[in-house]
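Chains as they are written, first to last, in full-length UniProt numbering: chain A, 1 to 333; chain B, 1 to 319; chain C, 1 to 255.
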Amino acid sequence: MQNTKSLSSYPALLAGLTLLLALLFWWSLFSWSAMNISARDALDAVFNHEAGNIAQTIVRELRLPRALVAIVVGCAMAAAGAVMQGLTLNPLASPSVLGINAGAALGMALVTTLGLWQGAFSTSVAAVIGAALAWLIVMSLGSWKAGGQSSRLVLAGIAVSALCMALTKALVILHENQAVAVLSWLAGGFVEARWPLFGKLWPVAVPALLFTLAFAPTLNLLSLGDENASHLGVVIWAVRLLGSALVLVLVGWTISLVGAIGFVGLIVPHVARKLTGYDYRRNMPVAMLMGACLVLLADIVSRAIAFPTEVPAGAILALFGTPVFIYLVRSRI
Amino acid sequence: MRATLGLPVLLLLVALLIVASFMLGAVPIPLAEILKIGQADFAHSFTLYQYRLPRAVLAVLVGGMMALAGALVQGVIRNPLASPDVLGISNGAGLLAVCFITLFPQSSAGAIPLVALLGSAMAALLLWLLVGRYPSETRLALTGVALAAFFAACIDFVMLLNPQEINTALLWLTGSLWGRNWVQVQLLLPWLLLVPVALLLVKPLNLLALDEQNARSMGVNVPLVRFAALALAVCLSGAGVAVCGPVGFLGLIAPHVTRRLLGSRHQLLLPGSFLVGAILLLFADLVGRVIDPPIEIPAGIVTAILGAPYFLWLLFRIK
Amino acid sequence: MLSTENLSIGYHGQVIVKDVSFTVPHGKITALLGPNGCGKSTLLKALSRTIKPVSGHVYWQQKDVQNIAHKEYARLLAMLPQVQPIPEGLTTFDLIAYGRSPHNGFWGRLSQKDRAVIDQVMAASGVTELADKRVSELSGGQRQRVWLAMTLAQETPYILLDEPTTYMDLNHQVELLGNLRRLNHEGKTIVTVLHDINQAARYCDYLLVMHNGELVAQGTPAEVINQKLLKEVFAVNAQIFPDPVANTPMCVVDD
Numbered sequence: 001m002q003n004t005k006s007l008s009s010y011p012a013l014l015a016g017l018t019l020l021l022a023l024l025f026w027w028s029l030f031s032w033s034a035m036n037i038s039a040r041d042a043l044d045a046v047f048n049h050e051a052g053n054i055a056q057t058i059v060r061e062l063r064l065p066r067a068l069v070a071i072v073v074g075c076a077m078a079a080a081g082a083v084m085q086g087l088t089l090n091p092l093a094s095p096s097v098l099g100i101n102a103g104a105a106l107g108m109a110l111v112t113t114l115g116l117w118q119g120a121f122s123t124s125v126a127a128v129i130g131a132a133l134a135w136l137i138v139m140s141l142g143s144w145k146a147g148g149q150s151s152r153l154v155l156a157g158i159a160v161s162a163l164c165m166a167l168t169k170a171l172v173i174l175h176e177n178q179a180v181a182v183l184s185w186l187a188g189g190f191v192e193a194r195w196p197l198f199g200k201l202w203p204v205a206v207p208a209l210l211f212t213l214a215f216a217p218t219l220n221l222l223s224l225g226d227e228n229a230s231h232l233g234v235v236i237w238a239v240r241l242l243g244s245a246l247v248l249v250l251v252g253w254t255i256s257l258v259g260a261i262g263f264v265g266l267i268v269p270h271v272a273r274k275l276t277g278y279d280y281r282r283n284m285p286v287a288m289l290m291g292a293c294l295v296l297l298a299d300i301v302s303r304a305i306a307f308p309t310e311v312p313a314g315a316i317l318a319l320f321g322t323p324v325f326i327y328l329v330r331s332r333i
Numbered sequence: 001m002r003a004t005l006g007l008p009v010l011l012l013l014v015a016l017l018i019v020a021s022f023m024l025g026a027v028p029i030p031l032a033e034i035l036k037i038g039q040a041d042f043a044h045s046f047t048l049y050q051y052r053l054p055r056a057v058l059a060v061l062v063g064g065m066m067a068l069a070g071a072l073v074q075g076v077i078r079n080p081l082a083s084p085d086v087l088g089i090s091n092g093a094g095l096l097a098v099c100f101i102t103l104f105p106q107s108s109a110g111a112i113p114l115v116a117l118l119g120s121a122m123a124a125l126l127l128w129l130l131v132g133r134y135p136s137e138t139r140l141a142l143t144g145v146a147l148a149a150f151f152a153a154c155i156d157f158v159m160l161l162n163p164q165e166i167n168t169a170l171l172w173l174t175g176s177l178w179g180r181n182w183v184q185v186q187l188l189l190p191w192l193l194l195v196p197v198a199l200l201l202v203k204p205l206n207l208l209a210l211d212e213q214n215a216r217s218m219g220v221n222v223p224l225v226r227f228a229a230l231a232l233a234v235c236l237s238g239a240g241v242a243v244c245g246p247v248g249f250l251g252l253i254a255p256h257v258t259r260r261l262l263g264s265r266h267q268l269l270l271p272g273s274f275l276v277g278a279i280l281l282l283f284a285d286l287v288g289r290v291i292d293p294p295i296e297i298p299a300g301i302v303t304a305i306l307g308a309p310y311f312l313w314l315l316f317r318i319k
Numbered sequence: 001m002l003s004t005e006n007l008s009i010g011y012h013g014q015v016i017v018k019d020v021s022f023t024v025p026h027g028k029i030t031a032l033l034g035p036n037g038c039g040k041s042t043l044l045k046a047l048s049r050t051i052k053p054v055s056g057h058v059y060w061q062q063k064d065v066q067n068i069a070h071k072e073y074a075r076l077l078a079m080l081p082q083v084q085p086i087p088e089g090l091t092t093f094d095l096i097a098y099g100r101s102p103h104n105g106f107w108g109r110l111s112q113k114d115r116a117v118i119d120q121v122m123a124a125s126g127v128t129e130l131a132d133k134r135v136s137e138l139s140g141g142q143r144q145r146v147w148l149a150m151t152l153a154q155e156t157p158y159i160l161l162d163e164p165t166t167y168m169d170l171n172h173q174v175e176l177l178g179n180l181r182r183l184n185h186e187g188k189t190i191v192t193v194l195h196d197i198n199q200a201a202r203y204c205d206y207l208l209v210m211h212n213g214e215l216v217a218q219g220t221p222a223e224v225i226n227q228k229l230l231k232e233v234f235a236v237n238a239q240i241f242p243d244p245v246a247n248t249p250m251c252v253v254d255d
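The following block contains the structure:
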């Protein structure tokens, strides 16, 4: 039985991914630094910190929070993509394609450039609201059902995305008066990721991720179609509301802190499904781990590719993500 | 009756917008001053002749050419969602041009249109390879926007890798008319010859719009017309992109607006689209200039803000 | 015990089922009959709580079903819609196992009993050997049986079926109707929409006949089926004979 066969390999897959993540984590602590940091320093900084050692201090104050942020963001984007694909039954659904990323960026741009409202979490809340508005528009034009409607949904998402992006650019140009600022502001990256940022990220993202895991069995039932799911006791509107809220919080919150990290949410759920099948209880944890690995790797590449300058990790992910998008359009629509 | 009035009315609008674009900007020039053009006591000749006039001319030419390209594409593949900008052809031109600018910063500006043309041709070819001969409406549009997203990601990447060139490239890329002058107008002039060539296609395009079989039986060489129209569209939009950068959604909405105003006979649709495109770009440029001077919002951003909702509406309508 | 009281159902301001009151006979097989568009599928959807009534009530043991928790209702009543989506990537086993979700914990972990139920319904529906096949690879008839197995895995005392025989070959239709009788003997109450009057008369204990959104007749086949009804509801002239095998009423359409 396929069930039992993949059961034996599943723990191995989880263990392998965890190991890979740990190795990437370690590597990201010491690689491509302007100041020489040894692999040993990285380990010591974590487990056996020696005060006054500059290399270890860099690891502790810069690299460690940065790597942790990348991991949490990777998990969040992958989970958000998986939930969106489960809710809409659309293989192309993901935060970047359906305009959520752009909506969140617009919400943030409105608050920061117009100075509408100031507070500790004002940009994050604005990003969540912007994402929610984009989602509302896209879903009112598209549909929750699978099938012939799925390309409409995606086109609606892309148009909403273009609109939000144009408005964001206009706002930032009016505010910053220079074009360069737009680009670096829009491309997500981890240059600014220090401990305070991590402190803002995890208290929201980690509980939301746990909720998402708990949401997996419901996503399974949704794949049977609305009618069958409701006959099995699923309250469809409540599930959609809850799932959307999860996605919007995950995406809005991370984008407000690190910028748009696109295409992780599109690619990773597909790979996770290929490896573990269509049961969300099994593929969701794998997707989260893989998302973390991918974003961490993108962060390492972002430092390596034009060393000693940095290229935003979001730009790298978009570069590798869009061909996959084209591939998915070709094979799935 | 309405249709015969349409073209003159559009021409009048173009003229009005040109005058408005002479008047408005960082230094407003009152209308009374503008009317003194050519007289000895005209105080603003430098501003007008060196900045605003070439800019207005460029807006008319580029807007018109991009819109014409859109009308040709929609005429041939009969897909309301198609246009060079939606299908990623503009972005393909943009990508190759950006690569060229960053790799050979010293090269002459005259080469950029050719490079952009090559880029748009490559993008068109790639799209054709990806979708095959008879794709459904949404599938073609979806593949196009996916390609456009890919080219855009590549452009971002190239620019972020070369921060020292970023300003030159960005200046050009956001679909802006800022800092353009007579040099760009000269670059564009040879491509203008393609506009009358496009008008030669009006009859076969009309027949093709009915039905391919019908057109064939009326003696239209369908593959030839199709190829000619698409090649013209690629050249026109490539040349426009080379000068102003990709102007989002212009090629998509201008033909739709024209069709509502003048009907779908290509005799009126093609020249009408040219004028509507000119009006849209003049208007977008004007809005971008007056919203908060001296800061300018690139015209491409303004057209995207206008065009994206229109695209959504089209999508909503075709069900 | 499932019943309705002055039940009216509609969409977008248009009333499709008008003021219907009846009680589903407990422990029987009931057929819902009527011409296309008479509201029988809509009525079934209201019984299964897929749509909310415009007015009136659906009662389970004198309790309005709108006040029953969704999961609890899913343990009382299962429904098989007429058209099924083809879920991507799921195996037959997975799909049938999802039928256990009203019974097991939030993570959907299968207990020993769940597995026993799944094995039993797979055997009863004849899909045991399809367990590892993907649902998307099955034929239409196989898929129908798999979905029926999922509905059975819900282990509910009441089962609603919306035209379960539509896409089946005749032999599978007979097999399915036989299966329903066996389930009925095991104590289940079944309500099914059927297209074929003779099939309904032969395999069902009780008939509900609908016409233009109204319930026009109910009772045993012998009580309900007569020339007048066939003429009024189905617009056919027909003769009624006893079925030579089962002795149930059988109608033969005149020229």
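Backbone N, C-alpha and C define an ideal beta-carbon position, used for all residues, glycine too.
Residues of the same chain with a CB within less than 8 Å of the CB of Leu275/A, apart from the 5 flanking positions on each side, are Leu13, Asn283 and Val286 in chain order.
Looking at the DSSP output, Ile29/C bridges to Ile190/C. Per the Cβ contact rule, the stretch 149-160 of chain C is in contact with the stretch 115-128 of chain C (3 or more Cβ pairs under 8 Å). Judged by DSSP in its simplified three-state form, Asp205/C adopts coil rather than helix or strand.
Here Thr220/C carries a coil assignment [DSSP, helix/strand/coil]. Bridge pairing for Thr91/C: Arg134/C [DSSP].
As for any alpha helix (DSSP H) of minimum length 4 sitting wholly inside the stretch 5-60 of chain B, the runs are 31-34, ordered along the chain. Proximity of Thr189/C to chain A, defined by a Cβ-Cβ separation below 8 Å, is not satisfied. Exposure of Val253/C is indicated by the presence of fewer than 16 other C-beta atoms within 10 angstroms of its C-beta.
In the three-state reduction of the DSSP assignment, Pro242/C falls in the strand class, which pools E and B. Cβ proximity to chain A below 8 Å picks out Gly248 and Phe249 from the stretch 238-262 of chain B. Gly10/C has Val15/C as its beta-bridge partners, per DSSP.
Distance from the CA of Leu246/A to the CA of Met290/A, rounded to the nearest whole angstrom, comes to 19 Å. Taking the Cβ atoms as the reference, Val251/A lies roughly 38 Å from Asn53/A, outside the contact range of under 8 Å.
Residue contact with chain A for Thr42/C: absent (no Cβ-Cβ distance below 8 Å to any residue of chain A). Between Leu270/B and Gly307/B, the C-beta gap is not smaller than 8 Å, which leaves the two residues out of contact. In this structure, Ala229/B lies near Leu205/B, with their beta-carbon atoms less than 8 Å apart. The distance from the Cβ of Thr4/C to that of Val20/C is about 6 Å, consistent with a contact at the 8 Å cut-off. With a 10 Å radius around the Cβ and a threshold of 16 neighbouring Cβ atoms, Thr23/C comes out exposed. Secondary structure of Trp107/C (DSSP, three-state): coil. Residue-level contact by beta carbon fails for Leu133/A and chain B, as no gap is shorter than 8 Å. In the DSSP assignment, Thr23/C forms a beta bridge with Ser3/C. Going by C-alpha positions, Leu282/B is about 7 Å away from Val60/B.
Selection Leu229/C, Ala46/C and Ala124/C evaluated against Arg182/C yields Ala124/C as nearest (Cα-Cα). Residue ranges of uninterrupted beta strand (DSSP E) with 3 or more members are absent from the stretch 198-264 of chain B; none lies entirely inside it.
A direct Cα-to-Cα measurement between Leu250/B and Pro28/B gives close to 27 Å.
Taken in chain order, the whole alpha helix (DSSP H) runs of length 4 or more contained in the stretch 56-111 of chain A are 64-88. When C-beta atoms of the stretch 86-105 of chain B are compared with those of the stretch 237-251 of chain B, three or more pairs fall below 8 Å, so the two segments count as touching. Under the three-state reduction of DSSP, Trp128/B is assigned to helix. Between the stretch 112-132 of chain A and the stretch 64-75 of chain A there are fewer than three inter-stretch CB-CB distances shorter than 8 Å, so the stretches are not counted as touching. The continuous stretches of alpha helix (DSSP H) do not include Leu160/C, which lies in the beta strand (DSSP E) extending over residues Tyr158 to Asp162.
In the DSSP assignment, Ser55/C falls within the beta strand (DSSP E) that extends over Ser55 to Trp60. The three-state reading of DSSP puts Lys52/C in coil, since its state is none of H, G, I, E or B.
The DSSP-derived three-state label of His211/C is strand. Residue-level contact by beta carbon holds for Pro217/A and chain C, with a gap shorter than 8 Å. With a contact defined as Cβ atoms closer than 8 Å, Met84/A and Ile261/A miss out at about 15 Å.
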